[in-house]
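Student: By the working numbering, the letter at position 501 of the sequence shown is numbered 484, and the numbering carries on one by one without gaps.
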Amino acid sequence: MHCKILLSFFTFLSCLSFAQTYEVQYISSSNGKVLTDQSPTLVWANEKENFILNNKIREHKADLPFEITKIEKPSNTIISYAFLKPAEIISTSDAEAIGKQTFEFTNETKKILGYNCKKAVTKINSNTIEVWYTNDLKIQGGPSSIGQNLGFVLEIERNKNSLITANSIKKVKKTDIENILKGSISSTDQLGYRDLLWKSRFTTLKVFDNETINFSDESKSDENVKRFANGTIILKKIKFPKISEGENIFAELKQQSNGDAYDRTGTVFFVPQDKSQSFFDGLEKGVKTLPVYDNGNGKQYYGITSTENYNPAIEMMRFFTAFGINKFNHIQLKDKNWQTISPYRQDITDLKPSLSEKELWVGTFIGNYDKGGHKVSLEITIHKSDQTIYKNNTVIPLFNTLNIMEMAGQDYSTMFNQDKGLLVEFTLKKDLKNAQLKYLTTGHGGWENGDEFVPKTNSIFLDGKMTYSFIPWRSDCGSYRLYNPASGNFPDGLSSSDLSRSNWCPGTVTNPNFIPLGDLKAGKHTIQVKIPQGPTEGTSFSSWNVSGVLLGSQ
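1. Near residue 481, what residues of its chain come up, given a Cβ to Cβ distance below 7 angstroms and the 5 sequence neighbours on each side ignored?
2. Check whether the segment 263 to 278 and the segment 286 to 300 touch, using three or more Cβ-Cβ pairs below 8 angstroms as the test.
3. For residue 373, write down the residues that DSSP places opposite it in a beta bridge.
4. Could you round the C-beta distance between residue 533 and residue 379 to whole angstroms and report it? I think they count as a contact, below 8 angstroms.
5. Report the rounded CA-to-CA distance for residue 211 versus residue 217, giving the unit in angstroms.
6. When the Cα of residue 208 is compared with those of 103, 458, 347, 476, which residue comes out closest?
7. Helix, strand or coil: which one does DSSP assign to residue 203?
8. Per DSSP, what kind of secondary structure is residue 391 in: helix, strand or coil?
9. Would the beta-carbon of residue 250 fall within 9 angstroms of that of residue 137?
10. Compute the distance between the beta-carbons of residue 120 and residue 95, then report whether it is under 9 angstroms.
11. May I ask you to report which of helix, strand or coil DSSP gives residue 8?
12. State the start and end residues of the unbroken alpha helix (DSSP H) segment that holds residue 131.
13. Are the CB atoms of residue 37 and residue 24 within a distance shorter than 9 angstroms?
14. Whose CA, out of 59, 65, 72, 66, lies closest to the CA of residue 78?
15. Taking 8 angstroms as the limit between beta carbons, can you name the residues of its chain near residue 183, skipping five residues before and five after?
16. Are residue 382 and residue 530 closer than 9 angstroms when you measure CB to CB?
17. Does DSSP put residue 212 in a helix, a strand or coil?
18. Can you look up residue 192 in the DSSP assignment and give me helix, strand or coil?
19. Out of curiosity, what's the CA-to-CA distance linking residue 361 and residue 234?
20. Assign residue 70 to buried or exposed, taking buried as 16 or more other Cβ atoms, counted over all protein chains shown, within 10 Å of its Cβ.
21. Which of the three DSSP states is assigned to residue 24 in this structure?
22. Counting only the same chain and skipping the five closest in sequence on each side, list residues whose C-beta sits under 8 angstroms from that of residue 220.
23. Count Cβ pairs between the segment 174 to 194 and the segment 302 to 312 that sit closer than 8 angstroms; are there 3 or more?
24. To the nearest angstrom, how far is it from the Cα of residue 469 to the Cα of residue 394?
25. Could you check where the alpha helix (DSSP H) with residue 176 kicks off and where it finishes?
26. In terms of DSSP beta bridges, what is residue 539 paired with?
27. Can you check whether the CB of residue 150 is closer than 9 angstroms to the CB of residue 5?
28. Cβ atoms of residue 356 and residue 197: under 9 angstroms apart, would you say?
29. Going straight from the alpha carbon of residue 225 to that of residue 339, what length do you get?
30. Report yes if the CB atom of residue 280 is closer than 9 angstroms to the CB atom of residue 398, and no otherwise.
31. Once DSSP output is grouped into helix, strand and coil, what is the label at residue 460?
32. List the DSSP bridge partners of residue 421.
33. Unbroken beta strand (DSSP E) runs of length 3 or more, entirely within the segment 15 to 89: which are they?
34. Which ranges does the alpha helix (DSSP H) cover as unbroken runs of at least 4 residues, wholly within the segment 287 to 344, from first to last along the chain?
35. Can you tell me whether DSSP reads residue 481 as helix, strand or coil?
36. Given a cut-off of 9 angstroms, decide if residue 230 and residue 92 are closer than it, judged by their beta-carbon atoms.
Written as structure tokens, this is what we have:
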């Protein structure tokens, strides 16, 4: 009986020890200034466990996704919980990370909230982290996993400019964690956890998944993907959500050769459908049903310029396939380890006004005459951001001379062999402030004297006056040699993929130029593009793929 009383007494004391929980709040600052609109970090800690969250999470006001970290004592096992969607929680654990931390201990001391603290220093990914911890509380804890085995961390400073420091400590009888960590929780490995959490932070619109772009009579549309021009064009209708100010949009394409060994022109585009006729009509009914541009050189160019009733396709991203990536990786060269996929990723936030809350045909074209062709996957992602670079609320398509329907009879853009070049008339219904021309240009003609390999000046005229002139040229193509297994080596020690070109390299995207035009008044205007296009030699000819949209605010 006496032993049972003693056992019960010690059990009671033990429960009291575990029941003693501290609530610590931390404030973050940067370069000596307290961050505004922050939700203070909150730590609940006792001898058994340590929970790290923030006040918004405790108040059930946090935006999804968010994380809570639990650190079990004395094993120092980190358990991470990610709240991805309502009623969707995942977790993962790491029993080794804290034990692997190493510190340089110093003799420096100071008091924080009346507690005696010591300083230890560690390095994480080239960042210097100073940790101030106390042993006065007799338990271990802190606002992150760093220093959990030292004592109770009351302050962490990174690179002398980013600081999180405790501003209150109190004892509490209980926490609210059981009201937050509840419901079904799915556990996963650490890599899977990080991937799911990362992807939950933005919206992903999946357009194409490992689709073939080739040249074949056997290429047919299905219920998901439409195919045109013998399979060299694929399209899918995509519903875009409302995209708010401050959100960024990216297009990401992944491409591999599926039989074609050459560098080919490619584009990711969408079809505006806000006028009575669209580029999609040309795909279905034939290119010659589209408005024609005639500059007097004897050729007719269909569907490349805007009219009162028609808008050309808008480029999201122009890319160029590498020489046979993946399919031709069996071509071996010493010390060359070929890449297996060409990734193309570009910021297209400036096009937001034409995308938000719209249902649009999004397509990809690769010019090739190969039955195997290419494999592509395309995603569009929308990200919350504090960036304010793109403030335009207007996108006006003007021209696109890239012959997307090349394999369905659309001619190459050779109109620059006349002084008139490309001339587009447009009418603004309202004044346009801070107008810019988003201009994409690449020169083509793949022989020694072709414009692909000869620098040529591009001149842009607004209402008859030259407003911008430059030579589009890429001299960095050799950087992408490992994406080009089939480009071969020349006797001079160079590869075709090494050679400088008119604003493009095999295996890369071409960046647009944003040409400032100032404030434009409502009414009629003209944009003209002039390029001294090289002459033909036998059956060889030069051409220029240029596209332009007008950006600004009404």
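Even glycine gets a Cβ: it sits at the ideal position worked out from N, Cα and C.
This structure is a prediction, so every number in the text was calculated from the model and none was measured.
Tutor: Taking the structure as given:
1. Within the same chain, residue 481 has close Cβ partners 460, 461, 464.
2. Yes: the two stretches touch, three or more of their Cβ pairs being nearer than 8 angstroms.
3. Answer by DSSP bridge pairing: none, since residue 373 is not bridged.
4. By a beta-carbon distance limit of 8 angstroms, residue 533 contacts residue 379. Their separation comes to about 4 angstroms.
5. Residue 211 and residue 217 have their C-alpha atoms spaced approximately 7 angstroms apart.
6. For the residues 103, 458, 347, 476, the minimum Cα distance to residue 208 belongs to 347.
7. Residue 203 falls in the coil class under three-state DSSP.
8. Three-state result, residue 391: helix.
9. Result no, Cβ atoms of residue 250 and residue 137 do not sit closer than 9 angstroms.
10. In this structure, residue 95 does not lie closer than 9 angstroms to residue 120 by Cβ.
11. Of the three classes helix, strand and coil, the one that applies to residue 8 here is strand, per DSSP.
12. For residue 131, no alpha helix (DSSP H) segment is defined, and its DSSP state is neither H nor E.
13. Result yes, Cβ atoms of residue 24 and residue 37 sit closer than 9 angstroms.
14. Measuring from the Cα of residue 78, the nearest candidate turns out to be 59.
15. For residue 183, where only same-chain residues beyond five positions count, the Cβ hits under 8 angstroms are 47, 48, 65, 67, 68.
16. For residue 382 and residue 530, yes; Cβs fall inside 9 angstroms.
17. Assigned with DSSP and collapsed to three states, residue 212 falls in helix.
18. In the three-state scheme derived from DSSP, where H, G and I count as helix and E and B as strand, residue 192 is classed as strand.
19. When rounded, the distance between both Cα atoms is 7 angstroms.
20. The residue in question, residue 70, is exposed, as its Cβ has fewer than 16 Cβ neighbours within 10 Å.
21. Note: residue 24 maps to strand in three-state DSSP.
22. Only 342, 343, 344, 345 meet the Cβ criterion.
23. Flag = no, the segment 174 to 194 and the segment 302 to 312 do not touch.
24. Distance between the alpha carbons of residue 469 and residue 394 is about 28 angstroms.
25. That run of the alpha helix (DSSP H) goes 173 to 182.
26. Shown here, the chain extends from -16 to 537; a query on residue 539 therefore has no answer.
27. Going by C-beta atoms, residue 5 is not nearer than 9 angstroms to residue 150.
28. Contact: yes.
29. When rounded, the distance between both Cα atoms is 5 angstroms.
30. Taking 9 angstroms as the Cβ cut-off, residue 280 and residue 398 qualify as a contacting pair.
31. If DSSP states are grouped into helix, strand and coil, residue 460 belongs with the helices.
32. Answer is 497, 532.
33. Counting whole runs of 3 or more residues, the segment 15 to 89 contains the beta strand (DSSP E) stretches 24 to 28, 32 to 37, 49 to 55, 60 to 68, 71 to 77.
34. DSSP runs (the alpha helix (DSSP H)) wholly in the segment 287 to 344: 335 to 338.
35. In the structure shown, residue 481 falls within a helical segment according to DSSP collapsed to helix, strand and coil.
36. In this structure, residue 230 does not lie closer than 9 angstroms to residue 92 by Cβ.
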